[in-house]
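Numbering-wise, the sequence shown is residues 2 to 406 according to the working numbering.
Heads up, the beta-carbon is just placed ideally off N, CA and C, and yes, glycines get one too.
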Amino acid sequence: MVPPTRTVDVVVVGAGPAGSAAATTLARAGTDVLVVDKATFPREKICGDGLTTAALRELDELGLDPRTVPSWVDIDDVVVRSPSGREVTFPLPRDGGRYGAVARRRELDAALADLARRAGAEVLEGRALRSASDGADAIELEVEGLGVVRAATAIGADGMWSALRRSLGLADPSYRGEWHAFRQYLTDVSPRAARELVVWFEPDLLPGYAWSFPVAGGVANVGYGILRGRSYKVADMGAVWRELLARPHIRAFLGPDARPEGPHRAWPIPARIDRAVLSAGHALFVGDAAAATDPMTGEGIGQALATGRWAAEAVLAHAGDPAAVAVSYEQEVRRGLVTDHLLAERLSAVLAHPLGARGAVWAAGLSDWTRRNFARWLFEDYPRALLLTPRRWHGGMFTGPGAYR
Ligand SMILES: Cc1cc2nc3c(=O)[nH]c(=O)nc-3n(C[C@H](O)[C@H](O)[C@H](O)COP(=O)(O)OP(=O)(O)OC[C@H]3O[C@@H](n4cnc5c(N)ncnc54)[C@H](O)[C@@H]3O)c2cc1C
């Protein structure tokens with residue numbers, strides 16, 4: 002490679018939630034960190050825009066102010082429609098902070114990139130990673146419009162199709178993600194759709210589901226996801242989408258005046274953190290680049306923020322020792338996500354059958370207590386497999402406060 006034009010401690014590829022969390026954590030500790038993203042912010046990210054309690058706690062810790070995200074809507078209840086057509090409302094706690102929210106990714110991610118900048122990271126937009134080569138002492142990245150950047154650590158936060166992973170020869174060319182999901186913003190939705198967060202377990206989509214999540218201004222983020230290899234083929238998803246929007250209960254919920262704001266879009270969702278390569282030499286992978294989304298719901302913002310933070314903390318704890326950085330980061334991912342991932346995968350198999358999904362909604366809706374606790378569990382107020390991992394038990398683990406108290 003040609004001589005480096007820049008030398009930094011850490012280069013982060015991608016300024017989504019994973020990259021911004023890593024960069025903010027590192028910059029605050031005084032690390033010289035450069036973030037490069039191929040997009041110019043604000044940029045779209047195809048997403049349901051739903052923020053779980055776990056994601057909100059990470060955002061709160063990072064210091065993100067919800068007032069900087071104009072479309073932000075707090076969520077009080079989760080409405081689930083069973084495959085039998087029965088609707089159950091699951092209430093999130095009303096006091097002690099925020100437990101659920103929806104915020105357009107276009108705005109949320111721009112605010113997160115700004116946060117990283119304010120923490121002291123240099124964030125360069127419109128700069129795509131072109132290639133990378135790992136050496137004995139450092140890693141070198143060729144970045145569009147910048148030349149060669151040399152760093153002690155590179156953090157791949159560049160999403161599902163991670164260019165860093167591909168450049169280092171670590172990508173499986175046949176991999177397309179576990180889920181595939183569609184989303185579209187609809188404007189002028191009904192008062193219910195402007196306010197309520199709904200999940201529809203349609204029998205033909207299981208274990209996938211359709212959703213309507215409210216964002217500010219009478220707009221809803223509406224979409225659906227399927228598990229690859231189950232229900233429909235990805236190629237048929239456009240036709241299924243049109244047919245879904247015409248289903249009477251969905252049409253009635255969205256209201257007669259609902260109309261599309263821009264085109265619908267689809268994107269894969271990677272959910273195999275238990276099998277993903279998390280590190281190699283001087284590189285670490287976080288967020289979707291580490292396939293960190295929840296295999297039952299496809300939620301990945303909280304996981305992206307957490308893995309970004311853990312990668313940064315591993316770098317801070319073991320600077321100068323790439324092997325120790327990798328061990329420390331991988332341990333944290335195993336501790337924090339892998340058991341939850343395995344449990345969620347099993348539950349997803351139960352939800353794949355209409356009877357399983359009906360039974361789950363029925364059991365979760367049995368009493369006020371089950372309804373309250375199901376909502377908290379679904380929204381990742383505590384880890385999915387907390388009951389199975391005694392090492393994570395602590396006083397108040399089921400009654401912890403929300404974010405932004
Ligand atoms: C339809 C859909 C609905 C979803 N709904 C939800 C939801 O409601 N809640 C939830 O929690 N999760 C949801 N997810 C998952 C969530 O969107 C992801 O898990 C999350 O965005 C991962 O964040 P990230 O920072 O890892 O990656 P990303 O947000 O994908 O960010 C990656 C960044 O890397 C940049 N990049 C890519 N290539 C390069 C390159 N070569 N050089 C430089 N930069 C590059 C991109 O421009 C981008 O800014 C959904 C996903 C889909 C597809």
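From the DSSP output, in three-state form, read off residue i for me.
i: Y330; result: helix
i: W201; result: strand
i: L147; result: coil
i: P18; result: helix
i: P174; result: coil
i: D50; result: coil
i: F380; result: coil
i: F42; result: coil
i: P355; result: helix
i: P402; result: coil
i: V241; result: helix
i: L387; result: helix
i: V362; result: helix
i: L367; result: coil
DSSP has residue i in a bridge; who is on the other side?
i: D135; result: I140
i: G157; result: V14 and F286
i: R260; result: T188
i: A267; result: F183
i: F235; result: According to the sequence displayed, residue 235 carries Val and not Phe. Looking at the DSSP assignment, V235 forms no beta bridge with any residue, so it has no partner.
i: V74; result: V103
i: V124; result: V36
i: V9; result: A152
i: A281; result: A284
i: R82; result: E88 and W201
Could you check where the beta strand (DSSP E) with residue i kicks off and where it finishes?
i: P92; result: E88 to P92
i: L228; result: V220 to L228
i: S213; result: Y210 to V216
For the candidate residues the options, whose alpha-carbon lies nearest to that of residue i?
i: Y176; options: A236, R273, D189 and V80; result: R273
i: W370; options: L171, T90, R243 and A253; result: T90
i: K39; options: A28, G20 and T54; result: G20
i: G1; options: G121, A350 and Y210; result: It is not possible to answer for residue 1, since the shown part of the chain is limited to 2 through 406.
i: V14; options: L389, E141 and H250; result: E141
i: A158; options: G98, P391 and L285; result: L285
i: D78; options: I270, S213, G218 and A358; result: S213
i: A361; options: R107, S132 and L207; result: L207
i: T308; options: G17, P5, T8 and P84; result: G17
i: R184; options: G226, A315, V80 and D341; result: G226
i: G170; options: A281, R151, Y186 and A182; result: A281
Can you name the start and end residues of the alpha helix (DSSP H) that residue i belongs to?
i: H250; result: P249 to L255
i: V351; result: T340 to L352
i: R119; result: R106 to A120
i: E407; result: An answer regarding residue 407 cannot be provided, because it is not within the stretch 2 to 406 covered by the chain.
i: S163; result: Careful: S163 lies outside any alpha helix (DSSP H) and carries neither H nor E.
Check whether the Cβ of residue i lies closer than 8 Å to any Cβ atom in chain D.
i: G357; result: The structure shown has no chain D; it contains just one protein chain.
Review point. Should the stretch 126-145 be called in touch with the stretch 45-56, which here means at least 3 C-beta pairs below 8 Å?
Key: no
Exercise for review: Determine, using beta-carbon pairs with one atom in the stretch 59-68 and one in the stretch 342-353, whether at least three such pairs fall under 8 Å.
Suggested key: no
**Study point:** Cβ pair count under 8 Å reaching 3, the stretch 282-298 against the stretch 160-180
**Key:** yes
Check your understanding: Are the stretch 311-330 and the stretch 188-207 in contact at 8 Å, needing three or more beta carbon pairs?
Key -> no
Point to revise | At least 3 beta-carbon pairs within less than 8 Å: the stretch 370-384 vs the stretch 93-113 | key: yes
Check your understanding: Does the stretch 101-112 come close enough to the stretch 66-74 to have 3 or more Cβ pairs within less than 8 Å?
Key -> yes
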